[in-house]
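Presented below is the structure to which this report refers.
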Amino acid sequence: MDFFRQHILTIVAFWPVAGMLVLLFFNKENKTLIRLWANAVLIVGFLISLPLWFWFDRANSDQMQFVENVRWIQTLGANYHVGIDGISLLLVLLTTLLGPLAVLSSWEAIDTRVKEYYVFMLMLQAGMLGVFISLDFFLFYVFWEVMLVPMYFLIGVWGGPRKLYAAIKFFLYTLVGSVLLLLGILALYFIYPQIAAQQPEIAAQFGTGPTFDVLAFHAIAPQLTADFQFWIFLAFLIGFAIKVPMFPFHTWLPDAHVEAPTAGSVILAGVLLKMGTYGFLRFSLPILPDATKYFVPLMVALSIIGIVYGALVAMMQPDMKKLVAYSSVSHMGFVMLGMFALNPNGLNGSIIQQINHGISTGALFLIVGMIYERRHTREISQFGGISNVMPVFAIVFLIMTMSSIGLPLLNGFIGEFTIMMGALQEQLWWAVAGGAGIVLGAAYMLWLYQRTMLGKVENPANQKLLDMNFREIVTIVPLIVMAFWIGLYPAPFFEVLEKPVNKIVAKVRPDFFQGAPRLNAETGAPR
Amino acid sequence: MAQFFQMQDIGAIVPELELAVFGMFLLVFDLMVQTKRRLGYVALGGIAISAYFLIRLWGVEFTAYGGALILDPFSTFFKFIFLIAAAMSIAISLKYLDIERENHGEYYALILFATMGMMFMAGAVDLITLYIGLETMAIATYVLVGFLRSNQRSNEASMKYFLLGAFSSAILLYGMSLLYGISGSTRFDDIAAALSSRPVTDPISLMAMITLSAGMFFKIAAVPFHQWTPDAYEGAPSSITAFMSVAVKAASFAMMVRIFMIAIYPLRPQWVAILGAVSVLTMTTGNIAAITQSNVKRMLAYSSISHAGYILIGFIAGNETGLTAVALYLLIYTFTNIGTWALIVALRRKDVIGEHIDDLAGLYFKHPTAAVLMLIFLLSLAGIPPTAGFIGKYYLFAAAIETNHNVLAVIAVLNAAISLYFYFRIVVSMFMRDATEKTGLTFAPGLTMALGVAVIFTMWIGIYPDPFIALARQAVPLGF
Numbered sequence: 002m003d004f005f006r007q008h009i010l011t012i013v014a015f016w017p018v019a020g021m022l023v024l025l026f027f028n029k030e031n032k033t034l035i036r037l038w039a040n041a042v043l044i045v046g047f048l049i050s051l052p053l054w055f056w057f058d059r060a061n062s063d064q065m066q067f068v069e070n071v072r073w074i075q076t077l078g079a080n081y082h083v084g085i086d087g088i089s090l091l092l093v094l095l096t097t098l099l100g101p102l103a104v105l106s107s108w109e110a111i112d113t114r115v116k117e118y119y120v121f122m123l124m125l126q127a128g129m130l131g132v133f134i135s136l137d138f139f140l141f142y143v144f145w146e147v148m149l150v151p152m153y154f155l156i157g158v159w160g161g162p163r164k165l166y167a168a169i170k171f172f173l174y175t176l177v178g179s180v181l182l183l184l185g186i187l188a189l190y191f192i193y194p195q196i197a198a199q200q201p202e203i204a205a206q207f208g209t210g211p212t213f214d215v216l217a218f219h220a221i222a223p224q225l226t227a228d229f230q231f232w233i234f235l236a237f238l239i240g241f242a243i244k245v246p247m248f249p250f251h252t253w254l255p256d257a258h259v260e261a262p263t264a265g266s267v268i269l270a271g272v273l274l275k276m277g278t279y280g281f282l283r284f285s286l287p288i289l290p291d292a293t294k295y296f297v298p299l300m301v302a303l304s305i306i307g308i309v310y311g312a313l314v315a316m317m318q319p320d321m322k323k324l325v326a327y328s329s330v331s332h333m334g335f336v337m338l339g340m341f342a343l344n345p346n347g348l349n350g351s352i353i354q355q356i357n358h359g360i361s362t363g364a365l366f367l368i369v370g371m372i373y374e375r376r377h378t379r380e381i382s383q384f385g386g387i388s389n390v391m392p393v394f395a396i397v398f399l400i401m402t403m404s405s406i407g408l409p410l411l412n413g414f415i416g417e418f419t420i421m422m423g424a425l426q427e428q429l430w431w432a433v434a435g436g437a438g439i440v441l442g443a444a445y446m447l448w449l450y451q452r453t454m455l456g457k458v459e460n461p462a463n464q465k466l467l468d469m470n471f472r473e474i475v476t477i478v479p480l481i482v483m484a485f486w487i488g489l490y491p492a493p494f495f496e497v498l499e500k501p502v503n504k505i506v507a508k509v510r511p512d513f514f515q516g517a518p519r520l521n522a523e524t525g526a527p528r
Numbered sequence: 098m099a100q101f102f103q104m105q106d107i108g109a110i111v112p113e114l115e116l117a118v119f120g121m122f123l124l125v126f127d128l129m130v131q132t133k134r135r136l137g138y139v140a141l142g143g144i145a146i147s148a149y150f151l152i153r154l155w156g157v158e159f160t161a162y163g164g165a166l167i168l169d170p171f172s173t174f175f176k177f178i179f180l181i182a183a184a185m186s187i188a189i190s191l192k193y194l195d196i197e198r199e200n201h202g203e204y205y206a207l208i209l210f211a212t213m214g215m216m217f218m219a220g221a222v223d224l225i226t227l228y229i230g231l232e233t234m235a236i237a238t239y240v241l242v243g244f245l246r247s248n249q250r251s252n253e254a255s256m257k258y259f260l261l262g263a264f265s266s267a268i269l270l271y272g273m274s275l276l277y278g279i280s281g282s283t284r285f286d287d288i289a290a291a292l293s294s295r296p297v298t299d300p301i302s303l304m305a306m307i308t309l310s311a312g313m314f315f316k317i318a319a320v321p322f323h324q325w326t327p328d329a330y331e332g333a334p335s336s337i338t339a340f341m342s343v344a345v346k347a348a349s350f351a352m353m354v355r356i357f358m359i360a361i362y363p364l365r366p367q368w369v370a371i372l373g374a375v376s377v378l379t380m381t382t383g384n385i386a387a388i389t390q391s392n393v394k395r396m397l398a399y400s401s402i403s404h405a406g407y408i409l410i411g412f413i414a415g416n417e418t419g420l421t422a423v424a425l426y427l428l429i430y431t432f433t434n435i436g437t438w439a440l441i442v443a444l445r446r447k448d449v450i451g452e453h454i455d456d457l458a459g460l461y462f463k464h465p466t467a468a469v470l471m472l473i474f475l476l477s478l479a480g481i482p483p484t485a486g487f488i489g490k491y492y493l494f495a496a497a498i499e500t501n502h503n504v505l506a507v508i509a510v511l512n513a514a515i516s517l518y519f520y521f522r523i524v525v526s527m528f529m530r531d532a533t534e535k536t537g538l539t540f541a542p543g544l545t546m547a548l549g550v551a552v553i554f555t556m557w558i559g560i561y562p563d564p565f566i567a568l569a570r571q572a573v574p575l576g577f
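Going down the list, the sequences are from chains A and B. Numbered per my numbering, the first sequence spans residues 2 to 528. Numbered per my numbering, the second sequence spans residues 98 to 577.
Written as C-alpha cells, this is what we have:
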C-alpha cells in the first residue's frame with residue numbers, strides 16, 4: 002500500500018500503457034475479449050485514480066502532492082518529475098472518468114480494426130494523464146506530443162468521410178503550436194542558470210545548472226524581464242491557443258470533431274482541449290506574470306469573439322455534431338475569459354467550467370453518437386419528435402442541454418456564474434459580452450432540442466427507433482451525476498481549487514490581495 | 098617539425114588499414130567463391146574487426162604523420178558512424194542484390210574502400226589527407242551508384258553523380274589551393290593562423306572560403322547545390338542510397354566541422370551569414386519539394402536534403418551544444434534513415450520495383466510489424482517524441498536558442514512541422530488504404546537484423562538518450 006501511495010501518479014498514468022501492452026498479444030479476431038479488456042483496464046484505471054481524491058491533502062492544495070522526482074536525462078537536466086495540485090487533481094480525475102465512458106460508448110460503434118482502436122485509445126489516455134501530472138517541462142512536452150499520434154489515427158482510421166483531411170489538419174495545427182512551445186521552453190531552460198547564479202535561494206532549491214523543472218521556472222518568474230516574457234508568452238500562446246482552441250486558431254476543431262468517431266470527439270472535447278487551458282494556467286500565468294497582464298486585452302478580446310462567434314456559427318449548423326463542436330469554441334471562450342479576468346472568481350470559474358465542459362460537451366457528443374448509430378445521419382432536418390419514440394433519451398438530452406446552457410441546479414450555471422462574477426469585478430462590458438454568449442448559447446441549444454426532439458414524428462425512418470439500452474445508460478449516468486453534483490454542491494471542488502488559484506493570482510497580481518485596482522482594459526499593465 | 102613518419106603512427110590507422118586489407122582480400126576471394134552472399138558476411142566480419150580496433154582507440158588523442166592525421170574522440174565517433182552505416186548497408190544488400198541479379202564481390206569491397214576513405218576524412222587535419230580520403234570515398238561511391246549495370250536509371254544516376262561530384266571536387270580543390278597560397282601550408286592550424294593575420298575583408302580569403310564552402314555544399318547536398326541528389330538517390334540501388342544518405346553525408350559533415358571550425362574559423366563572421374542563408378534555403382526547399390513527390394525514394398532524397406539544412410544549424414550556433422548536436426544528429430539519423438531505407442529495400446521484389454507510394458498501400462494489413470517499424474522511423478525523421486529524432490532536433494534547436502539565433506530556430510521548427518505532412522503521406526498509404534496485389538515485402542535475415550538494430554536504437558535514444566549524449570559530448574572537445 003505504501004508503494005502504491007508513493008507511486009500512485011505513475012501507476013495511474015502508466016496503467017493504460019500496461020493494459021495496452023497486454024492487449025497487443027490478443028487475437029485480433031476475438032473482438033468481445035478485446036472490448037472487455039479495454040473497458041476493464043480503463044474502469045480499473047478510474048478506480049485506482051479515486052484514492053487521489055481521498056488522499057489529497059486539502060489544507061495544502063496549492064502544494065504539489067504525490068510527488069515523484071527521479072533523474073531521467075541527466076545530461077540535459079530533464080527529470081521524471083510528477084505531482085499534482087488542486088487544479089491538476091480535478092483534470093486528472095476528469096480524464097480517468099471520461100476515458101472509460103468514451104471507450105464504453107464505442108462498444109458497438111467500432112467494428113473494424115477493433116484491436117488497434119483500443120490500443121490507440123489506451124495510449125491516448127496515458128498521454129493525456131501524463132500531460133496533467135508532469136512537473137518537468139521536457140517530460141510535459143514529450144507527453145504533449147506523444148498523444149498526437151494516437152489521436153491522429155483515431156480520426157484518420159475510424160473517422161467520417163473527410164477523415165484524412167481532418168486528421169492531418171489536427172496533427173499539423175497542433176504540431177505547429179507545439180514546436181513553438183518547445184522554443185519557449187528552451188528559452189526558459191537557458192535563462193534559468195543565469196538567474197540562479199544571482200539568486201542564492203533559488204539556486205539552493207533547484208540547483209545552478211540548466212533545468213526543466215516547472216517549479217524552478219515558477220520561482221524565477223519575478224526575475225524575468227518584461228521583454229523576455231513577451232516573446233515567451235507569444236510562443237506559449239500559439240502553442241496553447243491552438244489547443245484550446247481560441248479564435249482565430251479554432252478552424253481545426255470543427256473538422257476534427259465532425260470526422261472523429263464519437264469516442265474521439267468525447268476525448269477531444271472533454272480532455273484534449275483542457276490541455277491548452279491547463280497550459281495557460283500552469284505555465285503562462287505563473288511563469289510570465291508581466292506578459293500575462295500585458296496580453297489581457299488581446300486575450301479577453303479573442304475570448305469574447307470566440308464566445309459570440311462560436312455561438313452564432315453553432316446556431317446555423319445543419320449538422321448536430323458540428324453544432325456541438327462550435328459550441329465548444331464558445332464555451333472554451335468562457336473558460337479563457339474567466340482565466341484572463343485574473344482574479345480568484347474568474348480563475349475558479351474557469352477551472353470549474355473546464356470540468357463542466359468536459360462533462361456536458363462530452364455527454365452531448367455521446368448523445369449525438371447514440372442517435373447517429375441509430376440513423377447514420379446527424380442532419381438536424383432528418384429528425385423531429387424523437388421524444389415520442391425515445392423518452393429516456395429525451396430526458397437525458399434535456400438534462401445535458403440544460404447543463405450546457407447553464408440552468409441553475411446544474412453544473413454549467415456554477416461555472417458561468419463564477420466566471421461572470423470574475424469578469425464583472427474587472428470590467429462591466431466583459432460580463433455583458435459574456436452574458437450575450439449565454440443567451441445565444443441557450444438559443445442554439447434549445448432550438449436544437451426543439452427541432453430534433455419535440456413535435457410529431459414526421460420522418461418515417463424515425464418511427465421505430467429504439468430507446469437507450471443499458472450500456473448507453475451506464476455510459477451517460479456518471480456524467481448526469483457529476484452534472485448534478487457540481488450544480489447542487491460544488492463546495493468540494495472549490496475547496497481544492499481555492500489555494501492554487503489564489504497562488505496564481507498572487508503571482509500575476511501581487512497587489513491584488515491588498516485591494517488593488519481593477520485591471521486596465523486598454524493596456525493591462527505596462528510592458 | 099617532427100619527423101614525418103614514425104612507427105607508432107601506424108597504430109593510429111589500424112582500423113583503416115584493416116578495412117583496406119579486407120577489401121583487397123575480398124577482391125581476390127571473389128574469384129574463388131560462387132555464392133557471392135558469403136562475401137557480404139566476410140565484409141561484415143571485416144567491419145566488426147575494424148570496429149574492435151576502433152573501440153580500443155576510443156579516448157586516445159594522438160597526432161600522426163607529422164600533423165597530417167589526427168586521432169581524437171571526434172574522429173573516432175564519426176568512424177563509428179561510418180562503420181555502423183556500412184555494416185547495416187551491407188546487411189540490407191545481401192538479398193537485394195540477388196533480386197537485382199547484380200551480386201558481385203566488388204560491391205562489398207567498394208563499400209569497405211569508401212568507408213576507409215571516410216575514416217581518413219574524419220581524421221584529416223591536412224588538406225592533402227582530406228582530399229585523398231574524400232576522393233577514395235567519392236570514386237568508390239560513383240561506382241556503387243551505377244552498380245545496376247543493366248538498369249538505365251542507375252547508369253544515369255551514376256553519370257550525373259560522377260560529373261557533378263568531380264566538378265564539386267574541383268571547386269573544393271580550387272579553394273584549397275587558394276588556402277595553400279595564403280598560408281604556404283596544408284595543415285589546418287597553419288591555415289587558421291595565416292587567415293587570422295589577414296584583414297577580415299581580404300578578398301583572397303573570402304574567395305577561398307566561398308569556393309571551399311560551395312564544394313562542401315555540393316557534398317552535403319545543400320541548396321542551391323542539391324540538384325544531383327534526387328536523381329542520384331532515386332537511380333542508385335536502394336541499399337547504396339541508404340549508405341550515401343547516411344555515411345557519405347556524415348563524412349562530409351565531419352570534414353566540414355574540421356574545415357569550418359579549425360581551418361577557416363577566423364572567417365566565422367563571414368561564413369555564418371552564408372551558412373544561415375543556406376540552412377534556411379536547404380531545409381525549406383527540401384521539405385517543400387518533398388511534399389509533391391510520389392516516388393518514395395525521391396521523397397526521402399528531398400527529406401535528406403532538408404535534414405542537411407537542420408544540421409547546418411549546429412555550425413551556425415558553433416558552440417559546444419551546436420557541435421554536439423551535429424554529432425548526435427548524425428548518429429541518430431544513421432539508425433533512423435537506414436531503418437527507413439531498409440524497408441524501401443524490402444519493397445523490391447522480383448517483378449516489382451516498389452518505389453511508388455502506392456506500393457506501400459495497405460502494408461499494415463500484410464506486414465503489420467514492418468508498417469509499425471516504418472511508422473516509428475518516420476516519426477523519428479519528423480522529430481516526434483519519444484523517438485530518437487526528437488532528441489536530435491531538440492539538441493539542434495537548443496543550440497540555436499542558446500546562441501540567440503531565434504529566427505532561425507522558428508524557421509527550423511516550422512519546417513519540422515511541414516515535414517510531418519509528407520512523412521505522413523507514407524503513413525496514410527500504409528495504414529489507411531487497402532492492400533493491393535503489389536503490396537508486399539521481401540525479408541531476409543540480414544535485413545531483419547538491420548531493421549531490429551535500427552528500431553532498438555531509434556527507441557533507445559528516444560527514451561533514454563543519456564549515454565549517447567555523453568558520447569557525443571566527449572567527441573566534441575571544447576578546443577574547437
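Cβ atoms here follow ideal geometry from the backbone N, Cα and C, with glycine treated the same way.
- Under DSSP, Asp-214 (chain A) forms a beta bridge with A:Asp-137.
- Taking a Cβ-Cβ threshold of 9 angstroms, the residues of chain A close to Tyr-518 (chain B) are Ile-169, Phe-172, Leu-173, in chain order.
- Apart from sequence neighbours up to five positions away, the residues of its chain that approach Phe-565 (chain B) with a beta-carbon distance below 6 angstroms are Ile-558, ordered along the chain.
- Under the three-state reduction of DSSP, Glu-452 (chain B) is assigned to coil, being neither helix nor strand.
- Listed along chain B, the residues sitting closer than 8 angstroms to Glu-146 (chain A) by beta-carbon distance are Ile-481, Pro-482, Phe-487.
- Glu-496 (chain A) counts as exposed, since fewer than 16 other C-beta atoms from the protein chains shown sit within 10 angstroms of its C-beta.
- With fewer than 16 other Cβ atoms inside 10 Å of its own Cβ, Arg-59 (chain A) counts as exposed.
- Residue contact check for Val-143 (chain A) against chain B: a CB pair falls below 8 angstroms.
- DSSP lists A:Asn-70 as the bridge partner or partners of His-82 (chain A).
- For Ala-188 (chain A), the nearest CB of chain B lies under 8 angstroms from its own CB, placing it at the interface with that chain.
- At least 8 angstroms separates the beta-carbon of Leu-261 (chain B) from that of Thr-212 (chain B).
- Excluding its 5 nearest sequence neighbours in each direction, Ala-254 (chain B) has C-beta neighbours in its own chain below 6 angstroms: Val-242, Asp-328, Ala-329, Gly-332, Ala-333, listed in chain order.
- When secondary structure is reduced to three states using DSSP, Phe-322 (chain B) falls in the coil class, being assigned neither helix nor strand.
- The Cβ atoms of Ser-310 (chain B) and Trp-368 (chain B) sit closer than 8 angstroms to each other.
- Under the Cβ criterion of 8 angstroms, Ile-566 (chain B) is counted among the residues facing chain A.
- Contact residues of the segment 544-570 of chain B toward chain A are Tyr-561, Pro-562, Asp-563, Ile-566, Ala-567, Arg-570 (C-beta to C-beta distance below 8 angstroms).
- The closest CA to that of Val-13 (chain A), considering only A:Phe-191, A:Thr-453, A:Phe-133, A:Lys-164, is found on A:Phe-133.
- Here Leu-303 (chain A) has Met-247, Phe-248 as same chain residues with Cβ atoms under 7 angstroms from its own Cβ, once five neighbours each way along the sequence are excluded.
- If only complete runs of 4 or more residues are kept, the segment 406-468 of chain A shows the alpha helix (DSSP H) at 412-427, 429-454, in order along the chain.
- Non-local beta-carbon contacts of Thr-175 (chain A) in its own chain, meaning distances under 8 angstroms to residues more than five positions away in sequence, involve Leu-149, Ile-243, Lys-244, Trp-253 in chain order.
- With a cutoff of 8 angstroms on beta-carbon distance, Ala-344 (chain B) and Ala-117 (chain B) are scored as not near each other.
- Within chain A, no C-beta atom comes less than 8 angstroms from the C-beta of Ile-167 (chain B); the nearest is roughly 26 angstroms away.
- Taking CB atoms only, Ile-288 (chain A) has no neighbour in chain B less than 8 angstroms away.
- Taking 7 angstroms as the upper bound on Cβ-Cβ separation, chain A lies near residues Ile-498, Glu-499, Ala-506, Val-507, Val-510, Leu-511 of the segment 498-511 of chain B.
- In the displayed model, Arg-446 (chain B) falls within a strand according to three-state DSSP.
- Residue contact check for Gly-265 (chain A) against chain B: no CB pair falls below 8 angstroms.
- Proximity of Val-177 (chain A) to chain B, defined by a Cβ-Cβ separation below 8 angstroms, is satisfied.
- Residue-level contact check: Thr-33 (chain A) does not touch chain B, since none of the beta carbons of chain B fall below 8 angstroms from its beta carbon.
- Looking at A:Leu-10, A:Ser-106, A:Trp-54, A:Val-115, the one whose alpha-carbon comes closest to that of Phe-67 (chain A) is A:Leu-10.
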